[in-house]
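Each residue of the sequence shown is one higher than the last, beginning at 5 in the numbering used here. Note that beta-carbon positions come from the ideal geometry of N, C-alpha and C, so glycine has one too. Step one of this worksheet: look at the structure below.
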Amino acid sequence: MPPVPARDLARNAETAIANDVAAHAAASLPKSPVEETPKAVSAAAANDGNNPATAVSESAEVIPVPTTDDSTNADKTLVVEWLGGTDGMLRLLDQTLLPNDVRMIDCQTVEQVFEAIKSLRVRGAPVIGVTAAYGVVLGVNESVSGNRPEFDERLNAVIDRLAATRPTAVNLFWALDRQRKVAERMPQASPLEVALALLNEARVIEVEDRAMCAAIGRHGAELLHDGDGVLTHCNAGALATAGDGTALAVIYAAVASGKKLRVFADETRPLLQGARLTAWELHQRGVPVTLICDSMAATVMRQGKVQAIIVGADRIAANGDTANKIGTYSVACLAKTHGVPFYVAAPSSTFDLSLATGEKIPIEERSPHEITQGFGRQTAPEGIDVYNPAFDVTPAELITAIITERGVIGSVSEAAIRKMIELNDSN
Ligand code: MRU
């Protein structure tokens, strides 16, 4: 089946919202706001019994790999799902448990969403944006029965709270900004009307993200050749987006077009997104994958096993400097040494044209425990000094091309980036 254009996906979301509005109109009063105490709620409460992803009695149960019924993403692992109307809840795949448990958690409060993003239960730039957009809806839910100034105050507090989760992935701020603008565009509306519009916007962001992944896959697949070895770092796959991913979408699209590839997945110290997530995801989807330690990337390149490198991005500055998971810069240097093309795959929402270069990209520093006691076992002396930046910046000159949903930026420069991103934005 041909991929559905983003515009149509967004329109479908709008239809869903129109139904939502009708449902709300039918109810005489808004539902009571949910409690603010963080808790996991029973998935059974929202289970219609038809969706295999929701056919569980308790969110803490281990369940089979859920998939969406979206025909463009038949193999897609369900990572984020909104259930219900404005008083609904957000279901997330808890990625900290992978690859051992495939378990969903249900969020009813903005604090639960804050915790889920901060602790990397949900991670990867695009899906952080989608999650935050839904988090806003959860956060304002308790204020829909109040007056508009109170609602606006709560909305701003919720947006500020979610913005404090992770500083590097610009998709977070991009999605929160979209939500802020939704409310600003309707100053005369009631709190409930704004809440509905916020839910609509979150759904549109989600379907747009899915469409962006598909388009990135289509554009990038042409850069890969039958028989290629492709190295990737961290996880820029279906687990990191509402769709098929960015870097991995390119791989999935190339494989779907009949090319035989072998993926080398860097394990990605210290949190092992490559080992726990990318290796798991590719294995689930039947794509041949070989897991390597980060320190082995040079060797496999020298041995001629890698013909292309594709990574995702958390933020791309106007000149093309790209922040991505720590270790990406080392891989780019190795690519240059070994003459291997180094591709970045990212949607337009990952570009931050307000920053001239990568020097200004805020880099998240995480707990020393991730290095000294990764996954619960002490592996370094107690009290040792640790430096743990979660991201690094790869200079534009090391990037062969940036694959976006709008096309491939073949020769990375500020002019080429602005042409692709700004020109299309104004259309
Ligand atoms: O710390 P994480 O796991 O959120 O880091 C994720 C990455 O670095 C990804 O490569 C990036 O967000 C792109 S995801 C399509």
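What residues in its chain sit with their C-beta under 7 Å from that of residue i, if we drop five residues either side in the sequence?
| i | result |
| --- | --- |
| Gly-378 | Pro-274 |
| Arg-222 | Ala-257 |
| Ile-163 | Val-140, Leu-180, Gln-183, Arg-184 |
| Phe-177 | Ala-167 |
| Leu-243 | Thr-81, Val-83, Gln-99, Gly-128, Leu-281, Glu-285 |
| Val-259 | Leu-265, Val-291 |
| Lys-340 | Leu-402 |
| Leu-276 | none |
| Ser-489 | Summary: the structure shown does not reach residue 489, with the chain confined to residues 5 through 431, and so no result is reported for it. |
| Gly-233 | Arg-266, Phe-268, Lys-309, Val-310, Gln-311 |
In the structure shown, what three-state DSSP assignment does residue i receive?
| i | result |
| --- | --- |
| Asn-239 | coil |
| Thr-81 | strand |
| Val-315 | strand |
| Met-108 | strand |
| Leu-359 | coil |
| Ser-32 | With a pLDDT of only 24 at Ser-32, under the threshold of 50, the placement of this residue in the model should not be trusted, and no figure is reported. |
| Asp-98 | coil |
| Arg-125 | coil |
| Thr-169 | coil |
| Ala-246 | coil |
| Glu-426 | helix |
| Thr-354 | helix |
| Glu-386 | coil |
| Glu-368 | coil |
Could you check the C-alpha separation between residue i and residue j for me, to the nearest Å?
| i | j | result |
| --- | --- | --- |
| Thr-383 | Ile-375 | 8 Å |
| Ile-403 | Cys-297 | 22 Å |
| Phe-346 | Arg-306 | 15 Å |
| Val-144 | Pro-195 | 9 Å |
| Lys-253 | Pro-292 | Going by the sequence as given, residue 253 is Ala instead of Lys. Cα to Cα, Ala-253 sits roughly 15 Å from Pro-292. |
| Asn-151 | Ala-161 | 16 Å |
| His-342 | Ala-225 | 22 Å |
| Val-348 | Glu-119 | 29 Å |
| Pro-372 | Thr-332 | 20 Å |
| Ile-421 | Thr-172 | 20 Å |
| Val-304 | Ala-218 | 29 Å |
| Pro-399 | Ala-246 | 28 Å |
| Asn-104 | Arg-125 | 14 Å |
| Arg-158 | Glu-418 | 38 Å |
| Val-198 | Glu-205 | 10 Å |
| Ser-147 | Phe-395 | 36 Å |
| Glu-441 | Trp-86 | There is no way to answer for residue 441, as the model of the chain reaches only from 5 to 431. |
| Arg-95 | Ile-109 | 6 Å |
| Lys-264 | Gly-290 | 11 Å |
| Glu-212 | Gly-387 | 46 Å |
| Val-301 | Val-335 | It is worth fixing the name first, because residue 301 is Ala in this sequence and not Val. Each residue's Cα considered, the two are about 7 Å apart. |
| Ala-136 | Val-186 | 14 Å |
| Asp-248 | Gly-380 | 31 Å |
| Asp-230 | Ser-261 | 10 Å |
| Leu-203 | Val-134 | 11 Å |
| Ile-406 | Ile-413 | 5 Å |
| Thr-272 | Cys-238 | 5 Å |
Ignore the nearest five residues each way along the sequence and tell me which others in residue i's own chain have a CB closer than 6 Å to its CB.
| i | result |
| --- | --- |
| Gly-362 | Ala-321, Asp-325, Val-397 |
| Phe-2 | Since the first residue of the chain shown is 5 and the last is 431, residue 2 is not available in this structure. |
| Leu-33 | For Leu-33, the pLDDT reaches just 24, beneath the cut-off of 50, and the residue's location in the model is therefore unreliable, leaving the point undetermined. |
| Leu-286 | Val-267, Val-293 |
| Gly-139 | Val-114, Val-117, Leu-166 |
| Leu-357 | Ala-322 |
| Phe-155 | Ser-147, Pro-195 |
| Ser-353 | Asn-175, Trp-178 |
| Ala-327 | Thr-172, Asp-318, Arg-319, Ile-365, Phe-395, Val-397 |
The beta strand (DSSP E) that contains residue i, what's its start and end?
| i | result |
| --- | --- |
| Gly-85 | The identity of residue 85 in the sequence shown is Glu, whereas the question assumes Gly. Per DSSP, Glu-85 belongs to the beta strand (DSSP E) from 84-87. |
| Asp-396 | 395-398 |
| Lys-329 | 326-329 |
| Val-412 | 411-413 |
| Ala-260 | Not the beta strand (DSSP E): Ala-260 falls in the alpha helix (DSSP H), residues 251-260. |
| Phe-379 | From DSSP, Phe-379 is part of no beta strand (DSSP E); its letter is neither H nor E. |
| Val-114 | Unbroken run through Val-114 is the alpha helix (DSSP H), 114-122; no beta strand (DSSP E). |
| Arg-266 | 266-270 |
| Ala-349 | 346-349 |
| Ala-405 | 405-408 |
What are the start and end residues of the alpha helix (DSSP H) that includes residue i?
| i | result |
| --- | --- |
| Gly-143 | 129-144 |
| Met-305 | 301-306 |
| Val-335 | 332-342 |
| Val-198 | 195-225 |
| Ile-296 | Run containing Ile-296: none in the alpha helix (DSSP H); it sits in the beta strand (DSSP E), 293-296. |
| Val-174 | 174-188 |
| Ala-283 | 283-288 |
Under 8 Å Cβ to Cβ from residue i, same chain only, skipping five residues before and after it: list those, please.
| i | result |
| --- | --- |
| Thr-236 | Ala-251, Leu-252, Ile-255, Val-267, Phe-268, Ala-269, Asp-270, Gly-278, Thr-282, Ile-313, Ile-314, Val-315 |
Measuring from the CB of residue i, is there a heavy atom of the ligand ZN at a distance below 7 Å?
| i | result |
| --- | --- |
| Ala-201 | The ligand ZN is not part of this structure, which contains only the ligand MRU. |
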